[in-house]
Amino acid sequence: MAGSDENCVGGARPSNIQGKLLAGARKSTAEIRPTRKALSTINQNNVRAAPYPSAATKRGTLREKKAICGNNVDQIPVFHRPVTRMLDAQIAAKQHEISAEEIKQPVIKTDCSVIDLNIYKAGDSFPEPMLARHDLKDDVMDVIDADDMDIDGDDKKVPIDVVEYMDDLYKYYRNVENSFCVPPNYMASQLHINEKFRGILIDWLIEVHCKFDLRPETLYLSVNLIDRFLAMQPVVRKTLQLVGVTALLLASKYEEPLAPFVKDLILISDNAYTRNEVLQMEKLMINKFHYDFSVPTVYLFAKRFLKAAQSDSKMEFLAFYIIDLCLVEYEMVKYPPSMLAAAAVFTAQCTFGKAAQWSKMWEIQTQHKAEDIMKCSRLMVEFHQNAAKGKLTAVYHMYNTANYGYAANTEPAHFLLDC
Numbered sequence: 069m070a071g072s073d074e075n076c077v078g079g080a081r082p083s084n085i086q087g088k089l090l091a092g093a094r095k096s097t098a099e100i101r102p103t104r105k106a107l108s109t110i111n112q113n114n115v116r117a118a119p120y121p122s123a124a125t126k127r128g129t130l131r132e133k134k135a136i137c138g139n140n141v142d143q144i145p146v147f148h149r150p151v152t153r154m155l156d157a158q159i160a161a162k163q164h165e166i167s168a169e170e171i172k173q174p175v176i177k178t179d180c181s182v183i184d185l186n187i188y189k190a191g192d193s194f195p196e197p198m199l200a201r202h203d204l205k206d207d208v209m210d211v212i213d214a215d216d217m218d219i220d221g222d223d224k225k226v227p228i229d230v231v232e233y234m235d236d237l238y239k240y241y242r243n244v245e246n247s248f249c250v251p252p253n254y255m256a257s258q259l260h261i262n263e264k265f266r267g268i269l270i271d272w273l274i275e276v277h278c279k280f281d282l283r284p285e286t287l288y289l290s291v292n293l294i295d296r297f298l299a300m301q302p303v304v305r306k307t308l309q310l311v312g313v314t315a316l317l318l319a320s321k322y323e324e325p326l327a328p329f330v331k332d333l334i335l336i337s338d339n340a341y342t343r344n345e346v347l348q349m350e351k352l353m354i355n356k357f358h359y360d361f362s363v364p365t366v367y368l369f370a371k372r373f374l375k376a377a378q379s380d381s382k383m384e385f386l387a388f389y390i391i392d393l394c395l396v397e398y399e400m401v402k403y404p405p406s407m408l409a410a411a412a413v414f415t416a417q418c419t420f421g422k423a424a425q426w427s428k429m430w431e432i433q434t435q436h437k438a439e440d441i442m443k444c445s446r447l448m449v450e451f452h453q454n455a456a457k458g459k460l461t462a463v464y465h466m467y468n469t470a471n472y473g474y475a476a477n478t479e480p481a482h483f484l485l486d487c
């Protein structure tokens, strides 16, 4: 039987198999023929139907669009009637949108005691009210400008900017920023280091940050991680630089598309630490932070306030120059990020002569009072005056280049020291 099977496979069976395959093929062909006739009938029906307008046939498309937009809907093929209904719905929605956005006349009493801010909305095409704006009281003017200021008006058409959530996001940032701040006297718990060592570390870290060409967010997050870690963990002097390098590594992993390699950080530290020491410090810091790196840094608030001030690149460079000068100073740890950002933008405006005092409008926008801002701004002016002096001059040299608009050469706002 085994031999017969092999013979069948070798010579006898193929002919029978081929015969069955041919018979099956003829049978399947006979079954397909009625289907082919049906398909040909469907194709003939499709040929008789009116073609759908497309970009390839522009002339035909224009003629059909004119027919669709006309009033004689009965002459339009049935295939195009849904398009007509869609266009009618869009036109009706547009007319409703325009009617809903009509601006009402302001209701302003001559005694300036009551102003309906819900009705009053400023616009480019809005006529000047009967009462001149300079006749209004200063505090009323500040309230109107603060409420009518639409910071994200130009970005509403950009979906990636998610302007619908901006107010809620910054409200959340203000609520949680204090939870990521450190006590202003936390350095008293350190036995082997003081505020001078912290300043030297951050000044060196700014140079490393510039050397690796990292994002500004990375620098501000690194400084926040250093302060938070030193407030929780006592360190010796020789370990302080390791803390700074590891904080920069963690911040780069959070903010950068490609973080620096550990070997590069070791090399720039003059091989003072090994790879194992960096990784062990990384684990320790992560456990201390409980993996919480979503910190509202001063960068977020500064960009928001600069946008509200409608600032140019020159003012932006100066504001961040003042902020970076504050990073090195231990006494500025007591100020939350939003106040640092508000005071830096205000100081930059005063430097260029665009502001002289903290207005009610900015108090509503930033939620910081004038006396707190003025104290912070005076310290910033002092740092600006002494930026080129002393040993910690990394920020001054970085901003004294064309890449940063030579912001370091700007004359400080001396008049704020006399206020």
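Numbering (my numbering), first residue to last: 69 to 487. Here a beta-carbon is modelled for each residue, glycine too, at the ideal position from N, C-alpha and C. Computed from a predicted model, the values in this text were never measured in an experiment.
- For G267, the uninterrupted alpha helix (DSSP H) segment begins and ends at 263 to 279.
- Measuring C-alpha to C-alpha distances from E285 to each of M300, A315, H260 identifies A315 as the nearest.
- No residue range can be given for G458, since it is assigned to no alpha helix (DSSP H) and is classified by DSSP as neither H nor E.
- Between the region 323 to 338 and the region 298 to 305, the count of Cβ pairs shorter than 8 Å is below three; the stretches do not touch.
- Contact between P364 and E245 holds: CB atoms are separated by about 5 Å, below the 8 Å threshold.
- Under the three-state reduction of DSSP output, K306 falls in the helix class.
- By the neighbour-count criterion, in which 16 or more other beta carbons inside 10 Å mark a residue as buried, Q435 falls on the exposed side.
- Beyond the five residues adjoining it in sequence on each side, Y472 comes within less than 6 Å, by CB distance, of F385 in the same chain, given in chain order.
- For V401, same chain residues with a beta-carbon under 7 Å away, outside a window of 5 residues either side, are V250, P252, D295 in chain order.
- Under the three-state reduction of DSSP, R283 is assigned to coil, being neither helix nor strand.
- Note on C394: 16 or more other CB atoms within 10 angstroms of its CB, so buried under the neighbour-count rule.
- With a beta-carbon spacing of about 5 Å, Y288 and Y367 fall inside the 8 Å limit used to define contacts.
- In this structure the region 435 to 446 does not lie against the region 373 to 382, because fewer than three pairs of beta carbons, one per stretch, are closer than 8 Å.
- The region 443 to 452 and the region 352 to 359 do not touch, with fewer than 3 CB-CB distances between them shorter than 8 Å.
- Using a 10 angstroms sphere on the CB of G458, the tally of other CB atoms stays under 16, which defines it as exposed.
- The C-beta of R266 has 16 or more other C-beta atoms within 10 Å across all chains shown, which makes the residue buried.
- Taking the CA atoms as reference points, V304 sits about 7 Å from I261.
- The continuous alpha helix (DSSP H) containing N344 extends over residues 343 to 357.
- Counting of Cβ neighbours within 10 angstroms places P227 among the exposed residues, the total staying below 16.
- When rounded, the separation of the alpha-carbon atoms in I270 and T478 is 23 Å.
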